[in-house]
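**Student:** Encoded as structure tokens, here's the structure I'll be asking about.
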């Protein structure tokens, strides 16, 4: 099998609208049963670069050249990958957050949930969760969301939507 030519053996999931970069990259890795090291070797990049990409608070997004390489393997345009990254200069909320109702509609981490200015789901008018309402455990990084549930008590992200508080409208 040739290295780059005929990469048809790769599964290439499509990004969802609004999906965060790190969540999409992890979905690609899981679809292809690749570890971070395996992906780094495949695309000929340093594992450390990929590691920080999965932690948005590190604020070290891929540069344009790296996005070009990723684009070739992920089969996603560079522009789309760029839009999935948090905008430079915006303050990020350091803990992982989610809206269980949104997750039930699209099982992905939304880029907008990372912003410090975002405290509620604009679609469902619910406060975002940063801990499991069942046991109080903080959520893992979105790149680790393989099963869509709390890693401690197994409450699903979708069920967590039933515990979200409505936003008070003044």
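In this note's numbering, the protein residues as written are 10 to 179.
Ideal Cβ placement from N, Cα and C applies to all residues, glycine included.
CB residue 162 to CB residue 130, shorter than 8 Å?
**Tutor:** Not in contact: residue 162 and residue 130 (Cβ atoms no closer than 8 Å).
**Student:** Using the Cα positions of residue 139 and residue 104, report the straight-line distance between them to the nearest angstrom.
**Tutor:** Their Cα atoms are separated by approximately 6 Å.
**Student:** With DSSP run on the structure shown, which of helix, strand or coil describes residue 23?
**Tutor:** It is coil, neither helix nor strand.
**Student:** How about residue 135 and residue 176: are their beta carbons less than 8 Å apart?
**Tutor:** Result yes, Cβ atoms of residue 135 and residue 176 sit closer than 8 Å.
**Student:** Residue 181 to residue 76, Cα distance in whole Å?
**Tutor:** Nothing can be reported for residue 181: it is not among the residues displayed for the chain, which extend from 10 to 179.
**Student:** Answer yes if the region 68-84 comes into contact with the region 116-125, meaning at least three C-beta pairs across the two stretches below 8 Å, and no otherwise.
**Tutor:** At 8 Å Cβ cutoff, the stretches do not touch.
**Student:** Decide yes or no for the touch test of the region 139-159 against the region 96-113: beta carbon pairs closer than 8 Å, at least 3 of them.
**Tutor:** They touch, by the three-pair rule.
**Student:** Leaving out the 5 sequence neighbours to the left and right, which residues in its chain are closer than 7 Å to residue 56 when beta-carbon positions are compared?
**Tutor:** The residues are 45, 46 and 49.
**Student:** By DSSP, does residue 139 sit in helix, in strand, or in coil?
**Tutor:** Coil.
**Student:** Return helix, strand or coil for residue 28, following the three-state DSSP convention.
**Tutor:** Residue 28: strand per DSSP, three-state reduction.
**Student:** Taking the alpha-carbon of residue 21 as reference, which of 59, 82, 31 and 29 has the nearest alpha-carbon?
**Tutor:** That would be 82, whose Cα lies nearest to the Cα of residue 21.
**Student:** Might you give, ordered along the chain, the residues of its own chain that have their beta carbon closer than 8 Å to the beta carbon of residue 178, omitting 5 neighbours on each side?
**Tutor:** Closer than 8 Å at the Cβ level, and outside the excluded window around residue 178, lie 134.
**Student:** Indicate whether residue 125 and residue 100 have their beta-carbon atoms separated by less than 8 Å.
**Tutor:** For residue 125 and residue 100, yes; Cβs fall inside 8 Å.
**Student:** Out of curiosity, what's the CA-to-CA distance linking residue 154 and residue 23?
**Tutor:** If I take the Cα positions, the gap works out to 17 Å.
**Student:** According to DSSP, simplified to helix, strand and coil, what is residue 80?
**Tutor:** Looking at residue 80 - three-state DSSP - the assignment turns out to be helix.
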